[in-house]
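Beneath this line is the structure, given in structure tokens, with notes to follow.
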């Protein structure tokens, strides 16, 4: 789990990960693009970034906070 505090108008360029990411906006609002589809997310909104999906974020007028959780795939039988 990662808590990201982002300044107003911060841009996180488009990138990809091999693992799935799930998150929630806990302060402010962001414009998030996932696989080419843009959504405006505000406090309480959640998102899911599938493995390998391109995604990026732009913080809107005020600072924002996002809680992001990723699950790194493990081999069968491996401890969490």
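Numbering (the numbering used here), first residue to last: 301 to 380.
Ideal Cβ positions, reconstructed from N, Cα and C, are used throughout, including at glycine.
Nearest C-alpha to residue 315 among 369, 368, 334, 323: 334.
Note on residue 301: under 16 other CB atoms within 10 angstroms of its CB, so exposed under the neighbour-count rule.
Note on residue 342: under 16 other CB atoms within 10 angstroms of its CB, so exposed under the neighbour-count rule. The closest CA to that of residue 362, considering only 370, 353, 327, is found on 327. Put simply, the backbone Cα of residue 344 is about 14 Å away from that of residue 332.
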